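Residue numbers (this note's numbering): 4 to 306. Idealized CB from N, CA, C, for every residue including glycine. Keep in mind the model is a prediction, meaning the values are calculated, not measured.
So this is what it looks like as structure tokens:
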């Protein structure tokens with residue numbers, strides 16, 4: 004575990020803007036995170052309160068508890084990032100922990116962690132020799148951990164291998180025995196994970212306006228889509244558009260993300276919007292406008 008502790012910082016990207024960060028047990032990440040984010044609110048969950056003294060000057064809010072057994076004392080959707088190595092290695096129900104972390108992440112948040120690869124040559128070699136003693140640890144294969152993340156409400160999962168080469172000839176021996184070695188999996192000792200609550204394009208949408216504003220916008224769009232009090236709904240759309248400072252590219256992207264019957268939606272919006280100048284700009288920003296244009300022309304929307 005010591006070998007991988009600095010490496011999760013490789014998944015903290017230059018354009019990440021973290022205002023609230025939770026470090027789970029792996030306190031060695033606190034100094035580099037404070038250096039990277041001098042104004043961030045950084046929290047740490049630890050079982051051993053003695054480690055707190057070592058980081059007294061870093062302005063870290065420590066909470067002493069066992070995250071595997073106790074509910075975290077934070078509000079939901081509070082953190083931009085939760086960071087910690089091997090967070091699912093010694094747990095009873097890993098999906099409960101993974102899904103639990105996701106509830107504390109903002110819609111744009113990420114969980115950055117790692118796991119020990121059960122298919123690494125060193126583990127297989129111990130099993131072959133009958134000397135494996137990892138009884139209390141949960142080890143994972145790449146595809147298993149990936150599925151666990153998606154089942155725990157993460158929308159995008161990225162992985163990075165940490166390689167420890169095998170002794171000469173051992174990989175050939177394992178291949179002869181029938182082991183597959185796709186993407187050099189047999190020499191990947193650990194996988195580093197970055198699991199995001201939202202797809203990148205949706206994360207950008209969610210970062211620009213408040214949850215309440217996005218919820219209201221989504222509600223109005225669906226009312227227009229399904230013909231519910233059309234005139235009043237479209238008036239509300241333009242009122243909100245002006246009130247919160249929407250712009251055509253964002254409006255088009257948001258419509259694309261929430262509206263299913265976009266052709267019908269745009270026909271209604273254009274017909275009932277009293278020639279708002281933004282209509283043409285929104286349509287120009289919509290990726291699907293070229294596909295819809297013949298149908299819209301046929302319906303008398305474009306003149």
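Applying the criterion that 16 or more other CB atoms from any shown protein chain within 10 Å of the CB defines a buried residue, is residue i buried or exposed?
{"i": "residue 109", "result": "buried"}
{"i": "residue 218", "result": "exposed"}
{"i": "residue 111", "result": "buried"}
{"i": "residue 235", "result": "exposed"}
{"i": "residue 213", "result": "exposed"}
{"i": "residue 215", "result": "exposed"}
Rounded to whole angstroms, what's the CA-CA distance from residue i to residue j? Just pull it up for me.
{"i": "residue 255", "j": "residue 131", "result": "57 Å"}
{"i": "residue 97", "j": "residue 165", "result": "22 Å"}
{"i": "residue 300", "j": "residue 247", "result": "Summary for residue 300: the model assigns pLDDT 38, below 50, so the residue's position carries little reliability; its value from the coordinates is reported in the next sentence. Spanning the two alpha carbons is a distance of roughly 31 Å."}
{"i": "residue 170", "j": "residue 128", "result": "11 Å"}
{"i": "residue 100", "j": "residue 94", "result": "8 Å"}
{"i": "residue 296", "j": "residue 271", "result": "Note on residue 296: pLDDT 46, under 50, position unreliable in the model; the coordinate value appears next. Approximately 14 Å, taken between the alpha carbons."}
{"i": "residue 55", "j": "residue 62", "result": "11 Å"}
{"i": "residue 304", "j": "residue 211", "result": "With a pLDDT of only 39 at residue 304, under the threshold of 50, the placement of this residue in the model should not be trusted, and no figure is reported."}
{"i": "residue 259", "j": "residue 266", "result": "11 Å"}
{"i": "residue 13", "j": "residue 81", "result": "23 Å"}
{"i": "residue 67", "j": "residue 146", "result": "33 Å"}
Closer than 6 Å by C-beta to residue i: which residues in its own chain qualify, once you throw out the five before and the five after it? Chain order, please.
{"i": "residue 313", "result": "The requested residue 313 does not occur in the structure, where the chain is confined to residues 4 to 306."}
{"i": "residue 57", "result": "none"}
{"i": "residue 160", "result": "149, 152, 198"}
{"i": "residue 144", "result": "121, 122"}
{"i": "residue 173", "result": "124"}
{"i": "residue 60", "result": "none"}
{"i": "residue 92", "result": "140, 141"}
Flag this pair as yes or no: are the beta carbons of residue i and residue j separated by less than 8 Å?
{"i": "residue 87", "j": "residue 49", "result": "no"}
{"i": "residue 269", "j": "residue 286", "result": "yes"}
{"i": "residue 29", "j": "residue 83", "result": "no"}
{"i": "residue 240", "j": "residue 193", "result": "no"}
{"i": "residue 142", "j": "residue 126", "result": "yes"}
{"i": "residue 178", "j": "residue 184", "result": "yes"}
{"i": "residue 72", "j": "residue 107", "result": "no"}
{"i": "residue 77", "j": "residue 43", "result": "no"}
Tell me which same chain residues have a C-beta within less than 8 Å of the C-beta of residue i, skipping the five on either side of it?
{"i": "residue 158", "result": "199, 200, 201, 202, 205"}
{"i": "residue 251", "result": "281, 284, 285, 287, 288"}
{"i": "residue 276", "result": "237, 241, 282"}
{"i": "residue 278", "result": "none"}
Going by beta carbon distance, what residues of the same chain come within less than 7 Å of residue i, once the five residues before and after it are set aside?
{"i": "residue 262", "result": "224, 228, 268"}
{"i": "residue 11", "result": "32, 86, 88, 115, 117, 195"}
{"i": "residue 154", "result": "98"}
Quiz item: Which runs of the alpha helix (DSSP H), 4 residues or longer, sit entirely within the stretch 217-286?
Solution: 233-247, 251-261, 265-274
Quiz item: Quick one: complete beta strand (DSSP E) runs, 3+ long, within the stretch 168-206?
Solution: 191-199
Practice problem: Within the stretch 21-77, note down every full alpha helix (DSSP H) run reaching 4 residues or more, in order along the chain. | Solution: 33-39
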